[in-house]
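Novice: If you scroll down you'll find the structure; I have some questions about it.
Chains as they are written, first to last, in this note's numbering: chain A, 9 to 279; chain B, 2 to 341.
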């Protein structure tokens, strides 16, 4: 079991999520520490999405409890979780492709100037802050807050969403497959940003398929298989092969490789 | 997309949501200036064009906000007719002060909009079905009430001078008071969309309603408020027409349902929501009105105007999509991995 000297900021205790008889999550316990990256690994349908939806307030657990800074909490809505400091970034980052960088950065938390009926959205400030915060994360190509989110690259979109979360003081940052749609270079950049967030003391939950990415930034790891936590370990406690095997649902990768070998063998014979 | 040369000044202009609307307004204006001749460019021609644009704009501008937020409002015609009926009944048939009739008309707009909004948000049905249903119900109710109370479909009213001399008259024999109202409504809608946080919320709701909700935007309240806005816009036009013609225009209205949507789309608002500008919608109204009025000055049959509008609408939808792609293709190397 992963243990740390500091106290977990966010934890799940024996959480089960039942969708009309189907247990998407079964008795899962998890601890998230500030300044650490928890990698959530698992195949499609393993329950990763359900787990992050419980963490971010979209779903309420059927059984079990969610603890925030040591106390039991029940998130009433995503907004509720958000207010506590849980920020979720989806695969494509900023979700409003037709909004400008500055506007989307502040959606729901718009800065205003003036008073009374003349209170107005402070576009200049919004654009400045959004660009500055993205630059701080190493995105130097974005210099104009008027650019549309949809015109940014995948990595830049991720960065804009992470920058927003960091700016508004997120304590827990949930990243759902942030590198899945990215090329190698962009993915590396996003991983670097994750490390930056971690060093700021943010607890990062990284959902990924990619074992290399997970091993690069992860401090501890949890593997889900069919809604159950199959393993939970710290950095260095498992080899890459063991993790890959686990993610393939416990089925030994070697077996699969053998099978593939026989297949390619057949092809070779045809030649 | 092929490799793009960085022609940034042109591209940033192309990227503006009102660019297409500007091109089409310019095109039809030049077209009818050539074929409509001096009369189209005279005060009579220009004023009749602007009058039509202004009347349409009273509805199209608030409808644009509804559409940017991702909804449709098909009830504007009935709401306009019903508010005119209520105004004429109150201030005409029952002889109450004009202000009561005006208040009643605005109340009809607010109530119809509220119903559209509350039903749409509570049932999660597509807004076009809900507003279509509300539209029929409102028409039926208005017809039923006026026939019950007056025995006919006719309700006359003599507005008091404060209304008659502002919204019910032609200034310099040509220009409707509605033009002033159109300018005010344009200013308010632009202010809301560009200058307030509500504008940001409207774009966000139209862009991605789930994410908008997650950021804490009161999505349902905003959508209800926007429907109420288009209700008020419809009521304003009902008031203007009643003041102009001294009676409730029972037959009018239905044409505004599609005309407002056409003007909004020609104005560059995406049918899927999330993108558009009031400036574009103003230009869309002017384009629409220019075609409708310009055709008279060419001496051709007015039937051709419909062909014109249909073609323009299709061109607008296609170019809106193209402009959206351009707007999204701002990055240099992005196009290579647009695979999602």
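Yeah, the Cβ is synthetic: ideal placement off N, Cα and C, and Gly gets one too.
Would you mind reading off the limits of the alpha helix (DSSP H) that contains residue 124 of chain B?
Specialist: Reading the second chain from its first residue, position 123 is the one you call residue 124 of chain B. Residue 124 of chain B -> alpha helix (DSSP H) spans 99-124.
Novice: So what's residue 320 of chain B in DSSP terms, helix, strand or just coil?
Specialist: Within the second chain, residue 320 of chain B is the residue found at index 319, counting from 1. Correct three-state label for residue 320 of chain B: helix.
Novice: Between the region 162-182 of chain A and the region 104-124 of chain A, do three or more beta carbon pairs fall short of 8 Å?
Specialist: The answer is yes - the region 104-124 of chain A touches the region 162-182 of chain A, with three or more Cβ pairs under 8 Å.
Novice: Mind checking residue 177 of chain B: buried by the 16 CB within 10 Å criterion, or exposed?
Specialist: Taking the first residue of the second chain as 1, we reach residue 177 of chain B at position 176. Residue 177 of chain B should be labelled buried.
Novice: Can you list, in chain order, the residues of the region 207-223 of chain B whose Cβ is nearer than 9 Å to any Cβ on chain A?
Specialist: Result list: 207, 208, 209, 211, 212, 213, 214, 215, 216, 217, 218.
Novice: Apart from the five residues on each side of it in sequence, which residues of its chain come closer than 8 Å, Cβ to Cβ, to residue 152 of chain A?
Specialist: Position 144 of the first chain, counted from the start, is the residue given in the question as residue 152 of chain A. Only 109, 135, 139 meet the Cβ criterion.
Novice: Under 8 Å between C-beta atoms, does residue 323 of chain B make it to chain A?
Specialist: Mapped onto the second chain, residue 323 of chain B falls at position 322. Output row for residue 323 of chain B: interface = no.
Novice: Using only the heavy atoms of the ligand SAM, determine whether one of them is closer than 7 Å to the beta carbon of residue 146 of chain A.
Specialist: The model depicted lacks the ligand SAM and carries no ligand whatsoever.
Novice: When the distance is taken between beta carbons, is residue 238 of chain B closer than 8 Å to residue 59 of chain B?
Specialist: Residue numbering aside, residue 59 of chain B sits at position 58 when the second chain is read from its first letter. Residue numbering aside, residue 238 of chain B sits at position 237 when the second chain is read from its first letter. Yes, these two residues count as a Cβ contact at 8 Å.
Novice: Can you grab the Cα-Cα spacing for the pair residue 278 of chain B / residue 254 of chain A, in whole Å?
Specialist: Translated into the one-based positions of the second chain, residue 278 of chain B becomes position 277. Translated into the one-based positions of the first chain, residue 254 of chain A becomes position 246. When rounded, the distance between both Cα atoms is 52 Å.
Novice: How many angstroms separate the CA atom of residue 32 of chain B from the CA atom of residue 134 of chain B?
Specialist: In the second chain, counting from the first residue as 1, residue 32 of chain B sits at position 31. In the second chain, counting from the first residue as 1, residue 134 of chain B sits at position 133. Approximately 39 Å, taken between the alpha carbons.
Novice: Return the CA-CA distance between residue 9 of chain A and residue 244 of chain A, expressed in angstroms with no decimal places.
Specialist: Position 1 of the first chain, counted from the start, is the residue given in the question as residue 9 of chain A. Position 236 of the first chain, counted from the start, is the residue given in the question as residue 244 of chain A. Reliability of the predicted coordinates at residue 9 of chain A is poor, the pLDDT of 41 falling under 50, and the value obtained from them is presented with this limitation in mind. Rounded to the nearest angstrom, the two C-alpha atoms are 13 Å apart.
Novice: What span of residues does the beta strand (DSSP E) with residue 96 of chain A cover, start to end?
Specialist: Here residue 96 of chain A is taken as the residue at index 88 of the first chain, counted from 1. Unbroken beta strand (DSSP E) run through residue 96 of chain A: 94-97.
Novice: Tell me the rounded alpha-carbon separation between residue 124 of chain B and residue 148 of chain A.
Specialist: As a working mapping, residue 124 of chain B is identified with position 123 in the second chain. As a working mapping, residue 148 of chain A is identified with position 140 in the first chain. Cα-Cα distance, rounded: 45 Å.
Novice: In three-state terms, what does DSSP make of residue 250 of chain B?
Specialist: The residue labelled residue 250 of chain B in the question sits at position 249 within the second chain. Coil.
Novice: When you compare each of A:217, A:124, A:48 to residue 211 of chain A by their alpha carbons, which one comes out closest?
Specialist: By one-based count along the first chain, residue 211 of chain A stands at place 203. Considering only alpha carbons, the answer is A:48.
Novice: What distance in whole Å lies between the Cβ atoms of residue 282 of chain B and residue 62 of chain B, which are believed to be in contact at a cut-off of 8 Å?
Specialist: Numbered from its first residue, the second chain carries residue 62 of chain B at position 61. Numbered from its first residue, the second chain carries residue 282 of chain B at position 281. 6 Å between Cβ atoms; contact.
Novice: Along chain A, in chain order, which residues have C-beta atoms closer than 9 Å to that of residue 275 of chain B?
Specialist: Taking the first residue of the second chain as 1, we reach residue 275 of chain B at position 274. 104, 105, 106, 107, listed in chain order.
Novice: Indicate the three-state DSSP secondary structure (helix, strand or coil) for residue 24 of chain A in the structure shown.
Specialist: Here residue 24 of chain A is taken as the residue at index 16 of the first chain, counted from 1. Strand, per DSSP.
Novice: Could you tell me the alpha carbon to alpha carbon distance between residue 196 of chain A and residue 187 of chain A, rounded to whole angstroms?
Specialist: Here residue 196 of chain A refers to the residue found at position 188 when the first chain is read from its first residue. Here residue 187 of chain A refers to the residue found at position 179 when the first chain is read from its first residue. So the two alpha carbons sit approximately 8 Å from each other.
Novice: So, is residue 185 of chain B buried or exposed, given that buried needs 16 or more other C-beta atoms within 10 angstroms?
Specialist: For the purposes of this step, residue 185 of chain B is taken as residue 184 along the second chain, with counting starting at 1. Result: exposed.
Novice: Taking CB distances under 8 Å as the criterion, tell me whether residue 329 of chain B reaches chain A.
Specialist: Translated into positions along the second chain, residue 329 of chain B becomes position 328. Output row for residue 329 of chain B: interface = yes.
Novice: I need the boundaries of the beta strand (DSSP E) containing residue 67 of chain A, first residue and last residue.
Specialist: Mapped onto the first chain, residue 67 of chain A falls at position 59. Premise fails: residue 67 of chain A is in no beta strand (DSSP E) and is neither H nor E.
Novice: Specify whether the region 297-315 of chain B and the region 203-216 of chain B touch according to this definition: at least 3 beta carbon pairs, one from each stretch, less than 8 Å apart.
Specialist: Segments in contact, no.
Novice: Starting from residue 40 of chain B and walking both ways along the alpha helix (DSSP H), at which residues does that stretch end?
Specialist: In the second chain, residue 40 of chain B corresponds to position 39, counting from 1. Per DSSP, residue 40 of chain B belongs to the alpha helix (DSSP H) from 20-42.
Novice: Once the 5 residues before and after residue 121 of chain B are set aside, which same chain residues still bring their CB inside 6 Å of it?
Specialist: As a working mapping, residue 121 of chain B is identified with position 120 in the second chain. 128, 131, listed in sequence order.
Novice: Please confirm whether residue 120 of chain A has its beta-carbon closer than 8 Å to some beta-carbon of chain B.
Specialist: As a working mapping, residue 120 of chain A is identified with position 112 in the first chain. Yes, contact with chain B.
Novice: Please report whether the beta-carbon of residue 336 of chain B lies at a distance below 8 Å from any beta-carbon of chain A.
Specialist: Here residue 336 of chain B corresponds to residue number 335 of the second chain, with the count starting at 1. Residue placement at residue 336 of chain B is poorly supported in this model, since its pLDDT is 37, which falls under 50; the coordinates are not used for a value here.
Novice: Determine, using beta carbons only, whether residue 142 of chain A and residue 168 of chain A come nearer to each other than 8 Å.
Specialist: What you label residue 142 of chain A is simply residue 134 of the first chain in a count that begins at 1. What you label residue 168 of chain A is simply residue 160 of the first chain in a count that begins at 1. Yes, Cβ-Cβ distance for residue 142 of chain A and residue 168 of chain A is below 8 Å.
Novice: Would you call residue 209 of chain A buried or exposed, if buried means 16 or more other Cβ atoms sit within 10 Å of its Cβ?
Specialist: Taking the first residue of the first chain as 1, we reach residue 209 of chain A at position 201. It counts as exposed.
Novice: Determine the chain C residues that contact residue 129 of chain A at a beta-carbon separation under 7 Å, and present them in chain order.
Specialist: Within the model displayed, chain C is absent; protein chains A and B are what it includes.
Novice: Which whole-angstrom value is the C-beta distance of residue 75 of chain B and residue 136 of chain B, which I expect to be below 8 Å?
Specialist: For the purposes of this step, residue 75 of chain B is identified with residue 74 of the second chain, where counting begins at 1. For the purposes of this step, residue 136 of chain B is identified with residue 135 of the second chain, where counting begins at 1. Indeed they touch by this definition, with Cβ atoms about 5 Å apart.
Novice: Start and end of the beta strand (DSSP E) containing residue 34 of chain A?
Specialist: The residue labelled residue 34 of chain A in the question sits at position 26 within the first chain. Segment 30-40, the beta strand (DSSP E) holding residue 34 of chain A.
Novice: Return helix, strand or coil for residue 3 of chain A, following the three-state DSSP convention.
Specialist: Here chain A comprises residues numbered 9 to 279, so residue 3 of chain A is not present and cannot be evaluated.
Novice: Run through DSSP, which three-state label would residue 278 of chain B get?
Specialist: If you number the second chain from 1, residue 278 of chain B lands on position 277. Reduced to three states, the DSSP call for residue 278 of chain B is coil.
Novice: Looking only at its own chain, which residues have a Cβ that is under 7 Å from the Cβ of residue 151 of chain B, when we skip the five neighbours before and after it?
Specialist: The count along the second chain starts at 1 and reaches residue 151 of chain B at position 150. Around residue 151 of chain B: 94.
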